[in-house]
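Enquirer: What the sequence shown shows, in this note's numbering, is residues 16 to 349, in sequence order. The C-beta atom is built at its ideal place from N, Cα and C for all residues, glycine as well. On a predicted model such as this, the values are computed, not experimentally measured, just so you know. Below: one structure in structure tokens.
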Amino acid sequence: HLEASAHQLRLMAHTFLDMYRLQTQWANCCTQTSYLCSIATWTDAAKDHYFNLTDPLDEDPSRLALAPPAASPSAASSASERGSGAAPPHPFQVGSAPWVIRCHSFLFLKQHKYHTCTDYRSDLAISTAVTKVGRSSLEAEHAMFHEVGGRGGRMELLCRAHSALVVISPKDHKPAAHGLDAHASQCSPPSVSVPSGIPSRPRSASIYTFLTRPSDIDGHGHVNNAVLITYLQNARVGALAKAWDSRRGAPSGSALHRALPSIRSLYIEFKLPADQDQELTIFSWCEDGVLSVAAGGWAGAPPAAFFELARSDGALLARVRMDFEPSAPPAPRL
Numbered sequence: 016h017l018e019a020s021a022h023q024l025r026l027m028a029h030t031f032l033d034m035y036r037l038q039t040q041w042a043n044c045c046t047q048t049s050y051l052c053s054i055a056t057w058t059d060a061a062k063d064h065y066f067n068l069t070d071p072l073d074e075d076p077s078r079l080a081l082a083p084p085a086a087s088p089s090a091a092s093s094a095s096e097r098g099s100g101a102a103p104p105h106p107f108q109v110g111s112a113p114w115v116i117r118c119h120s121f122l123f124l125k126q127h128k129y130h131t132c133t134d135y136r137s138d139l140a141i142s143t144a145v146t147k148v149g150r151s152s153l154e155a156e157h158a159m160f161h162e163v164g165g166r167g168g169r170m171e172l173l174c175r176a177h178s179a180l181v182v183i184s185p186k187d188h189k190p191a192a193h194g195l196d197a198h199a200s201q202c203s204p205p206s207v208s209v210p211s212g213i214p215s216r217p218r219s220a221s222i223y224t225f226l227t228r229p230s231d232i233d234g235h236g237h238v239n240n241a242v243l244i245t246y247l248q249n250a251r252v253g254a255l256a257k258a259w260d261s262r263r264g265a266p267s268g269s270a271l272h273r274a275l276p277s278i279r280s281l282y283i284e285f286k287l288p289a290d291q292d293q294e295l296t297i298f299s300w301c302e303d304g305v306l307s308v309a310a311g312g313w314a315g316a317p318p319a320a321f322f323e324l325a326r327s328d329g330a331l332l333a334r335v336r337m338d339f340e341p342s343a344p345p346a347p348r349l
């Protein structure tokens, strides 16, 4: 189920319209953290690409596109006449309407060998489909493929992702009706399901405190959601280092990163945004208590770890569940 031909992809549901394509660089896949952060960034880019497939001849830039019309035959024919090869506008465009992410889910299918699951400068293609619409919300899923041998070659599925979004009014910054619920019958069936239960934080949770940096901020003026993954990884390494220090002395940074188990799935609930130069704290734990050496990937590692990201005033910014692959790598030798 992890491979599909280019012909099969073209036969997918009509909501898989214009696939977002990119080419990887070595920096995207050189470590576990860079690979996971890159996948989150790429799915965000694919989402923006999909929800802005507007016809430039029909779009009014002065109007906020909260309720765009469905694609019309004239729009499709105008695109054909231009010979651009672009897909005609689909009914799930939000255009320039601002939106926020309520939750992200990722199911990683090939992440054991971060250097080899994609080659240097590999061609990737991401398909997007809307699976649910509400009055001001919508849910979308993405499938990320490695185009082995270049565009038109064999398609190898690397990751599936799910995003729950809410459209926000620029006037009062509250959820706004987008009008897309009229097209609910055209939604694709959902296919991404990951564990999402997060138990209450125990008193024994590991604590990692840090300051956000200017480089963490995106164009919306707050910490980018993909950067949050780097925070989680830093908290994991910090918890492992503390446990390792108490048993064997300080390990090297490379040994710590080699001890991290592969992540099978990731579930993130976003509560509030984080700003620049804020002091934040990540609390991390496992079902049996503190996130320790076992959660770092040694024998007997628990199947999941949990995180809460909070401001210094106690406000909760995000809750996270991270599930690992069943088999953990052996303990590194120091």
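For PHE322, which option in TYR35, ALA220 and VAL181 has the closest C-alpha, if you only look at C-alpha atoms?
Expert: By one-based count along the sequence shown, residue 322 stands at place 307. Looking at the Cα atoms, ALA220 is the closest of the given residues.
Enquirer: Using the beta-carbon count (16 or more within 10 Å), is PRO83 buried or exposed?
Expert: By 1-based counting over the sequence shown, the position of residue 83 is 68. Here the model assigns PRO83 a pLDDT of 35, short of 50, so the residue's position is not dependable, and the following value carries that caveat. Buried, by the Cβ-count rule.
Enquirer: How many angstroms separate the CA atom of VAL242 from the CA atom of GLN38?
Expert: The residue given as residue 242 occupies position 227 in the sequence shown. The residue given as residue 38 occupies position 23 in the sequence shown. C-alpha separation (whole angstroms): 20 Å.
Enquirer: Identify which residue in LYS147, CYS174, LEU180 and ASN240 has its Cα closest to the Cα of PRO6.
Expert: Nothing about residue 6 can be read from this structure; the chain reaches only from 16 to 349.
Enquirer: Compare the C-alpha of SER208 against each of THR48, CYS118 and SER53 and name the closest.
Expert: On the sequence shown, residue 208 is found 193 positions in, with the first residue counted as 1. Comparing Cα-Cα distances from SER208 to each of THR48, CYS118 and SER53, the minimum goes to CYS118.
Enquirer: Evaluate contact between the stretch 220-233 and the stretch 287-305, counting only Cβ atoms and requiring at least three cross-stretch pairs below 8 Å.
Expert: The answer is yes - the stretch 287-305 touches the stretch 220-233, with three or more Cβ pairs under 8 Å.
Enquirer: Quick one: is ARG175 buried, meaning 16 or more other Cβ sit within 10 Å of its Cβ, or exposed?
Expert: Walking along the sequence shown from the start, residue 175 turns up at place 160. It counts as buried.
Enquirer: Is the beta carbon of ILE383 sitting closer than 7 Å to the one on SER178?
Expert: Nothing about residue 383 can be reported from this structure: the residues present for the chain run from 16 to 349 only.
Enquirer: On the criterion of 16 or more Cβ atoms from any shown chain inside 10 Å, does LEU226 qualify as buried, or is it exposed?
Expert: Here residue 226 corresponds to residue number 211 of the sequence shown, with the count starting at 1. That one is exposed.
Enquirer: Does the Cβ-Cβ distance between ALA144 and GLU162 come in under 7 Å?
Expert: Here residue 144 refers to the residue found at position 129 of the sequence shown. Here residue 162 refers to the residue found at position 147 of the sequence shown. In this structure, GLU162 does not lie closer than 7 Å to ALA144 by Cβ.
Enquirer: Using beta-carbon positions only, say whether ALA330 and CYS301 come within less than 7 Å of one another.
Expert: Translated into positions along the sequence shown, residue 330 becomes position 315. Translated into positions along the sequence shown, residue 301 becomes position 286. The answer is no: Cβ separation not under 7 Å.
Enquirer: Would you decide whether THR224 is buried or exposed? Buried here means 16 or more other CB atoms lie within 10 Å of its CB.
Expert: For the purposes of this step, residue 224 is identified with residue 209 of the sequence shown, where counting begins at 1. THR224 should be labelled exposed.
Enquirer: To which residues of the same chain is GLY253 closer than 8 Å at the C-beta, ignoring the five residues directly before and after it?
Expert: Within the sequence shown, residue 253 is the residue found at index 238, counting from 1. Excluding residues within five positions, the ones whose Cβ falls inside 8 Å are SER221 and TYR223.
Enquirer: To which residues does DSSP link PRO190 through a beta bridge?
Expert: Your numbering for residue 190 matches position 175 in the sequence shown. BP columns for PRO190 point to ILE183.
Enquirer: Taking the beta carbon of SER151 as the centre, do at least 16 other beta carbons fall within 10 Å, making it buried, or is it exposed?
Expert: One-based indexing of the sequence shown puts residue 151 at position 136. When all chains shown are included, SER151 counts as buried.
Enquirer: Between PHE160 and the rest of its own chain, which residues show a CB-CB distance below 8 Å, the 5 nearest in sequence each way excluded?
Expert: The residue you call residue 160 lines up with position 145 of the sequence shown. Cβ neighbours of PHE160 beyond the five flanking positions: ALA19, LEU24, LEU139, ALA140, ILE141, SER142, MET170, GLU171, LEU172 and LEU173.
Enquirer: For SER89, collect the residues of the same chain with a Cβ closer than 7 Å to its Cβ; drop the 5 residues on either side in sequence, then sort them by chain order.
Expert: Reading the sequence shown from its first residue, position 74 is the one you call residue 89. Its pLDDT being 35, under 50, SER89 is placed unreliably by the model, and the measurement read from it follows with that caveat. For SER89, where only same-chain residues beyond five positions count, there are no Cβ hits under 7 Å.
Enquirer: With DSSP as the reference, identify every bridge partner of LEU331, one or two as the case may be.
Expert: For the purposes of this step, residue 331 is taken as residue 316 along the sequence shown, with counting starting at 1. According to DSSP, LEU331 bridges with ALA325.
Enquirer: Which residues share a DSSP beta bridge with ASP338?
Expert: Residue 338 sits at position 323 when you count from the first residue of the sequence shown. Answer is SER280 and ALA319.
Enquirer: Can you give the Cα-Cα distance for PHE121 and GLN47, rounded to whole angstroms?
Expert: Sequence index remark: in the sequence shown, residue 121 carries index 106 (1-based). Sequence index remark: in the sequence shown, residue 47 carries index 32 (1-based). So the alpha carbons of these two residues sit roughly 14 Å apart.
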